[in-house]
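Under the numbering used here, the first residue of the sequence shown is numbered 1, with each subsequent residue one higher. Okay, structure first, notes after.
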Amino acid sequence: MTVRFILGAAILLELAFFLPSCTKKPQQATLVTSLDTSIRKVNWDSLLAHDKVHFEYDSIASEFRATYRVVPDSDQGGSLDTTDFHIKYLDFNKDGREDAIITLFSGGSGAYATAVLFFQTPNGPKYVGCAGGPHYIDSLFGDTLDIITAHWLREEAQCCWGAEDHQRIIGIRDSVRFLSLITEPEKGRAWEAVDEFYKAVDGADNYRFGGMFITNYKSPKEYAYSMLSDSYKASHPYVEWLKGYATMQSVKADVDQNLPDTDVSVKITSVDKINGRMVTKHFAGVWHTKFITNNHPDGDSTAVADWFLDWPEIREVK
Numbered sequence: 001m002t003v004r005f006i007l008g009a010a011i012l013l014e015l016a017f018f019l020p021s022c023t024k025k026p027q028q029a030t031l032v033t034s035l036d037t038s039i040r041k042v043n044w045d046s047l048l049a050h051d052k053v054h055f056e057y058d059s060i061a062s063e064f065r066a067t068y069r070v071v072p073d074s075d076q077g078g079s080l081d082t083t084d085f086h087i088k089y090l091d092f093n094k095d096g097r098e099d100a101i102i103t104l105f106s107g108g109s110g111a112y113a114t115a116v117l118f119f120q121t122p123n124g125p126k127y128v129g130c131a132g133g134p135h136y137i138d139s140l141f142g143d144t145l146d147i148i149t150a151h152w153l154r155e156e157a158q159c160c161w162g163a164e165d166h167q168r169i170i171g172i173r174d175s176v177r178f179l180s181l182i183t184e185p186e187k188g189r190a191w192e193a194v195d196e197f198y199k200a201v202d203g204a205d206n207y208r209f210g211g212m213f214i215t216n217y218k219s220p221k222e223y224a225y226s227m228l229s230d231s232y233k234a235s236h237p238y239v240e241w242l243k244g245y246a247t248m249q250s251v252k253a254d255v256d257q258n259l260p261d262t263d264v265s266v267k268i269t270s271v272d273k274i275n276g277r278m279v280t281k282h283f284a285g286v287w288h289t290k291f292i293t294n295n296h297p298d299g300d301s302t303a304v305a306d307w308f309l310d311w312p313e314i315r316e317v318k
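As C-alpha cells, then:
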C-alpha cells in the first residue's frame with residue numbers, strides 16, 4: 001500500500017524559509033579600500049641626501065646622530081653614505097597609507113642607530129620625527145613604536161650598561177607624539193650600588209671604580225654620599241653623616257648578589273682607631289634601595305637614573 005504524505009501549504013512555506021535558495025542574492029560584501037603603498041617607490045637615498053622639497057637635510061642632520069654624510073657626486077649632486085640602512089613600511093598613523101620607518105645604523109662598538117619617520121601624504125613623504133641612541137633596538141606594540149637604547153648608570157663602562165631608555169612614539173593624524181621617556185633598570189643590579197658605596201667609603205683619595213677615576217667629587221666619601229637617596233640625605237646632612245666615619249680606618253662589605261633589588265643583604269667589617277687602639281666591629285643587615293629617574297635621556301647633564309641606597313636596617317653583630 002502506498003502511503004502519501006501531504007504537507008500543508010503553511011508548512012511548506014516555513015521549510016522554504018530555512019532551506020538555502022539558489023536564486024537568493026548573497027548579502028552585499030563590505031567594500032574595503034586598498035592600502036596605499038606608493039611610499040615604497042620613493043628613492044630614499046635621493047630624498048635623505050639632497051631632496052630639499054620633502055626633507056631639509058641640513059636642519060635635521062644634527063638630530064640623527066648616526067654617522068652618515070653627503071658624498072659629493074658630479075652626476076647626482078650627492079648620495080647617502082651609511083654603514084647600514086633599513087626600511088620598515090606600515091600604516092603607522094592608520095590613515096590608509098603606508099608610512100616608512102628608516103633606520104640608519106652607524107659602525108663601531110656603540111651600535112648607534114636612529115629611526116627616521118616619514119608619513120605618506122597626498123603630496124608625498126613628510127618627515128615627522130626621529131629617535132635613537134646607542135645599542136639600538138626597536139619594537140612595535142600595537143600602535144606604539146618603542147625605541148630601546150642603552151642607558152649607563154653611575155660610572156659604568158661603555159660595554160656594560162645597567163638600564164634601558166624606552167622612547168615611545170605613536171602616530172596621530174599627520175604627526176607623531178612622543179610619550180614620556182621610561183628608563184628601566186636591568187634586574188639584579190642594585191647590589192652593585194651597595195658594593196660601590198662601601199668601596200667608596202673605604203677608599204683613599206685615588207679611589208677608582210670600574211677602571212675609571214671618580215673626578216666629579218672632592219673625596220671618595222663625597223662620592224659615596226651621592227649614592228644615598230634624597231630622603232635619606234634630608235635626615236643625614238653631609239657634615240653630620242661624615243662625622244660617623246671620623247675614626248674609621250677601613251671598612252669591608254660582603255654584599256649578597258642574589259636577593260631582590262629592593263632589599264640588599266650585606267655583612268660589614270669595620271676597623272676604627274679609638275683612643276689609640278684598633279677596634280674591629282661586625283655588622284649585618286639590609287640596605288633598602290630604589291631606582292630613581294627624572295626621565296631625562298642618558299647624556300643630559302641633568303639626567304638622573306640610578307640605584308640609590310634609601311634606608312638601612314643594619315645592626316652590630318657581637
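Backbone N, C-alpha and C fix where the C-beta goes; we use that ideal spot for every residue, glycine too.
- [ ] Go ahead and pull the three-state DSSP assignment for P220.
- [x] helix
- [ ] Under 8 Å by Cβ, that's how I've got I147 and A100 pegged, so tell me the actual separation to the nearest angstrom.
- [x] 15 Å between Cβ atoms; not a contact.
Open item on the list: Between which residues of its own chain and V194 is the CB-CB distance below 8 Å, once the five residues before and five after are set aside?
Closed with: A253, V255, V264, V266, W287, T289 and L309
- [ ] Verify whether the separation of the beta carbon atoms of A113 and G129 is less than 8 Å.
- [x] no
Task: Under 8 Å between C-beta atoms of T183 and A305 - done: yes
TODO: Report the rounded CA-to-CA distance for A234 versus E240, giving the unit in angstroms.
DONE: 11 Å
- [ ] State the Cα-Cα distance for the pair F209 and Q158, rounded to the nearest angstrom.
- [x] Its pLDDT being 48, under 50, F209 is placed unreliably by the model, and nothing is read from it.
Task: Rounded straight-line distance, which links the Cα of D45 to that of S74 - done: With a pLDDT of only 37 at S74, under 50, the local geometry of the prediction cannot be trusted, and the value read off the model is given with reservation. The straight-line gap from Cα to Cα measures roughly 16 Å.
- [ ] With a threshold of 16 other CB atoms inside 10 Å of the CB of I137, please say whether the residue is buried or exposed.
- [x] exposed
TODO: May I ask which residues mark the beginning and end of the beta strand (DSSP E) holding S231?
DONE: Segment D230 to S235 is the alpha helix (DSSP H) holding S231; no beta strand (DSSP E) there.
TODO: Provide the residue(s) that pair with Y245 in DSSP beta bridges, ordered along the chain.
DONE: Its beta-bridge partners do not exist; DSSP assigns none.
TODO: Starting from the Cα of K199, find the closest Cα among R189, Y217, A224 and F178 and give me that residue.
DONE: A224
TODO: Identify whether L117 lies in helix, strand or coil by the three-state DSSP scheme.
DONE: strand
Open item on the list: For D143, tell me which candidate among S219, I292 and L179 has the shortest Cα-Cα distance.
Closed with: L179
TODO: Could you check the C-alpha separation between V176 and F105 for me, to the nearest Å?
DONE: 22 Å
Open item on the list: Give me, in chain order, the residues of the same chain whose beta-carbon lies closer than 7 Å to that of T293; leave out the 5 immediate sequence neighbours on both sides.
Closed with: T183, V304 and A305
Task: Same chain, Cβ closer than 6 Å to A190, five either side skipped, listed in chain order - done: D261, V264, T289 and W307
Task: Short CB-CB distance (under 8 Å) between F119 and chain B - done: The displayed structure is made up of one protein chain only, and chain B is not part of it.
TODO: Let me know if P134 comes out buried or exposed under the rule of 16 or more other beta-carbons within 10 Å of its beta-carbon.
DONE: buried
Task: Proximity winner among L145, E196 and I172, relative to L181 (alpha-carbon distances) - done: L145
- [ ] Assign P125 to one of two classes, buried (16 or more other C-beta atoms within 10 Å of its C-beta) or exposed (fewer than that).
- [x] buried
TODO: Within the segment 116-182, note down every full beta strand (DSSP E) run reaching 3 residues or more, in order along the chain.
DONE: 124-133, 137-141, 144-151, 163-172 and 175-178
Open item on the list: Classify M278: buried if its beta carbon has 16 or more other beta carbons within 10 angstroms, exposed otherwise.
Closed with: exposed
Open item on the list: Quick check on the DSSP output: the alpha helix (DSSP H) that includes V201 runs from which residue to which?
Closed with: A190 to D202
Task: Short Cβ contact (8 Å threshold) for L35 with D91 - done: yes
Open item on the list: DSSP has D310 in a bridge; who is on the other side?
Closed with: Bridge partners of D310: none, in fact.
TODO: Check whether the Cβ atoms of N93 and I172 sit closer than 8 Å, and answer yes or no.
DONE: yes
Open item on the list: Applying the 10 Å Cβ sphere with the 16-neighbour rule, what's the burial state of K221?
Closed with: buried
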